[in-house]
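Asks: Protein chains in written order, with the numbering used here: chain A, 662 to 778; chain B, 113 to 222.
Quick one: the structure is below, and I'll ask about it shortly.
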Amino acid sequence: GAVVSQHPSRVICKSGTSVKIECRSLDFQATTMFWYRQFPKQSLMLMATSNEGSKATYEQGVEKDKFLINHASLTLSTLTVTSAHPEDSSFYICSAFLGRELGDTQYFGPGTRLTVL
Amino acid sequence: QKEVEQNSGPLSVPEGAIASLNCTYSDRGSQSFFWYRQYSGKSPELIMFIYSNGDKEDGRFTAQLNKASQYVSLLIRDSQPSDSATYLCAVNSGYSTLTFGKGTMLLVSP
């Protein structure tokens, strides 16, 4: 079954508004979560690494003031796209890292499709 | 810079055939290797992981690892149209971060 959930699955908003996306680990604690973005027919792009209780680490070229990440608990990380614009329209996917007993790898949420009008 | 290379495809195979997907990686210190499947419009789904040289089988899937050649492959036996997807190779070189390849599109024709 699914180990990572995301909400909402789809959101349409007007340009200039802010959108919050939630990523939850189900039945396990995730000290590290990741946020990716994927444009149509392109590969996954890592945006940031989110560690519980500390500031997120952003990849080069990702604006930390535009993409606010909060990992306030061991089961929840949020991504807020502030003052969204049409070029922010994309598929946003979170993942949670599981330890060796579960593959020592990342499990992905179902993704959130953001459309900014 | 750590890199993972995959042929973008598409790799086209007829139903029932064996599909062979390949991946090379640059970081010789890599410890763990993964194959994800991504259907169009969906998020990636983990299908196999392998840590040791050799083969690992799970149902119709076999992952093969050759650390000396820095090469990972995924074989899909008895390919089905439902296997049509993009397959992502990923490598963990330590900690929790994965380096992903760009993916190989597989098309299985009925």
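We put the beta carbon where it would ideally sit given N, CA and C, even for glycine.
Just so it is clear, the structure is predicted and the values come from calculations on it, not from any experiment.
1) Just the chain B side, please: which residues come within less than 9 Å of Leu737 (chain A) by C-beta, in chain order?
2) Could you pull the start and end residues of the beta strand (DSSP E) that Asn198 (chain B) belongs to?
3) Should Tyr768 (chain A) be flagged as near chain B, meaning a C-beta pair shorter than 8 Å?
4) How close, in whole Å, do the beta carbons of Val742 (chain A) and Phe728 (chain A) come, if the pair is a contact with beta carbons under 8 Å?
5) Taking Cβ to Cβ, would you say Ser155 (chain B) is nearer than 8 Å to Gly770 (chain A)?
6) By the 10 Å Cβ neighbour count, where 16 or more other Cβ atoms means buried, how is Thr216 (chain B) classified, buried or exposed?
7) Ordered along the chain, which non-local residues of its own chain (more than five positions away) have a Cβ less than 7 Å from that of His668 (chain A)?
8) Can you name, in chain order, every residue of its own chain whose Cβ lies under 6 Å from the Cβ of Leu133 (chain B), other than the five neighbours on each side?
9) Could you check whether the stretch 157 to 165 of chain B touches the stretch 174 to 185 of chain B, counting it as contact only if at least three pairs of C-beta atoms, one from each stretch, sit closer than 8 Å?
10) Any Cβ of chain B within less than 8 Å of the Cβ of Ile754 (chain A)?
11) Is there a Cβ from chain A that is less than 8 Å from the Cβ of Gly215 (chain B)?
12) Nearest-angstrom Cα distance between His746 (chain A) and Met708 (chain A)?
13) Run through DSSP, which three-state label would Asn194 (chain B) get?
14) Which parts of the stretch 676 to 710 of chain A are runs of the beta strand (DSSP E), unbroken and 3 residues or longer, counting only runs that do not cross its ends?
15) Answer yes or no: does any C-beta atom of chain A fall closer than 8 Å to that of Ser124 (chain B)?
16) Taking the beta strand (DSSP E) that Val742 (chain A) falls in, what are its first and last residues?
17) Go ahead and label Gln118 (chain B) buried or exposed: buried means 16 or more other beta carbons lie within 10 angstroms of its beta carbon, across all protein chains shown.
Replies: This is what the structure gives:
1) Those within 9 Å of Leu737 (chain A) in chain B number zero; the least Cβ separation is about 17 Å.
2) In the sequence under discussion, the amino acid at residue 198 (chain B) is Thr, which differs from the Asn named in the question. Its beta strand (DSSP E) spans residues 197 to 204.
3) yes
4) 6 Å
5) yes
6) buried
7) Glu683
8) Leu186, Tyr199, Thr216
9) yes
10) yes
11) yes
12) 17 Å
13) With the sequence shown as reference, residue 194 (chain B) is identified as Ser, and Asn is not the correct amino acid for it. Three-state result, Ser194 (chain B): helix.
14) 680 to 686, 693 to 699
15) no
16) 737 to 742
17) buried
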